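Okay, so here's the structure we're looking at.
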Amino acid sequence: MADNSVNLDAELRTSFGKGAARKLRAAGKIPAVIYGHGTEPKHVSLPTHATGLIVRHSNALINLNIDGAEELVLVREVQKDPVLRIIEHIDLAVVVKGEKVEVEIPVHVEGDSAPGTLANVETNTLRLLVAATNIPANVVVSIAGATEGQHVFAKDVVLPEGAELADEADTLIIHVAAAQAAAEEETEAAAE
Numbered sequence: 051m052a053d054n055s056v057n058l059d060a061e062l063r064t065s066f067g068k069g070a071a072r073k074l075r076a077a078g079k080i081p082a083v084i085y086g087h088g089t090e091p092k093h094v095s096l097p098t099h100a101t102g103l104i105v106r107h108s109n110a111l112i113n114l115n116i117d118g119a120e121e122l123v124l125v126r127e128v129q130k131d132p133v134l135r136i137i138e139h140i141d142l143a144v145v146v147k148g149e150k151v152e153v154e155i156p157v158h159v160e161g162d163s164a165p166g167t168l169a170n171v172e173t174n175t176l177r178l179l180v181a182a183t184n185i186p187a188n189v190v191v192s193i194a195g196a197t198e199g200q201h202v203f204a205k206d207v208v209l210p211e212g213a214e215l216a217d218e219a220d221t222l223i224i225h226v227a228a229a230q231a232a233a234e235e236e237t238e239a240a241a242e
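Put into structure tokens, the structure is as follows:
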């Protein structure tokens, strides 16, 4: 079992289609499909409440117990009803310990830019190639003391140990610009 995974019991399902999925959801289960590593897709049902709590976190790693057999999976896609916001279906990908997977990691900005400037975050996530059992919660970007005109590109971000950048190196993460109020005051002072 991976050190950052969550245990969850699943049941194999034999009925498919819209009607079967509706019956599952009415019984408090979520239909899901497990795929990857050249194996046949497995159709399973997951408990609604426990699964809902797990998928609230991005890149959730789950240790599934399917009728006594354990399988390590990564949540790839969660389909929700657009109005009711209930989970309708989940796609899970099989992962192997030591294998690297491509995931989107949130960017967390720390620090304050120089006075009179504003840091504009252009990209909220970075795509990284990381070990499946060691997915970071976020990537920290420091803008402490950044001055007007400074840019932070993906290549400038300090990545967690063992992570590789999957995005383009010249992807703009943050740019620092003069604050609008400061720019207007300078214009008014120059006009007088």
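First residue of the sequence shown: 51, per our numbering; consecutive thereafter.
Every residue, glycine too, gets a C-beta built ideally from N, C-alpha and C.
Since this is a predicted model, take the numbers as computed values, not measurements.
| query | result |
| --- | --- |
| Beta-carbon spacing of LEU176, VAL190 below 8 Å | no |
| Residues near ASP59 by beta carbon distance below 6 Å, same chain, minus five either side | ASN115 |
| Own chain, CB closer than 6 Å to ALA182, minus 5 neighbours either side, in chain order | VAL145, GLU149 and VAL151 |
| Cα-Cα separation, ASN174 to ILE224 | 9 Å |
| Neighbourhood of ALA232 by C-beta, 7 Å cutoff - its chain only, sequence neighbours within 5 removed | Confidence at ALA232 is low in this model, with a pLDDT of 49, below 50, so its placement is unreliable and the value that follows should be read with caution. Correct list, in chain order: GLY166. |
| Residue environment, LEU134, which counts as buried when at least 16 other CB atoms sit within 10 Å | exposed |
| Extent of the continuous beta strand (DSSP E) to which THR89 belongs | 89-97 |
| Residue closest to ALA204, alpha-carbon to alpha-carbon, out of THR89, ILE193, GLU218 and ALA194 | GLU218 |
| Cβ contact (3+ pairs, closer than 8 Å) linking the stretch 118-133 and the stretch 155-164 | no |
| Test item: CB-CB of SER95 and ILE80 under 8 Å | yes |
| Coil, strand or helix - LYS205 by DSSP | helix |
| Rounded Cβ spacing between VAL128 and VAL157 (contact assumed at less than 8 Å) | Not a contact, Cβ separation roughly 21 Å. |
| Span separating the alpha-carbon of LEU168 from that of HIS201 | 12 Å |
| Length of the line joining the Cα atoms of ASN170 and LYS92 | 44 Å |
| Secondary structure of GLY102, DSSP reduced to three states | helix |
| Secondary structure of LYS147, DSSP reduced to three states | coil |
| Local Cβ density within 10 Å of VAL208, reported as buried at 16 or more and exposed below that | exposed |
| Three-state secondary structure (DSSP) of GLN129 | strand |
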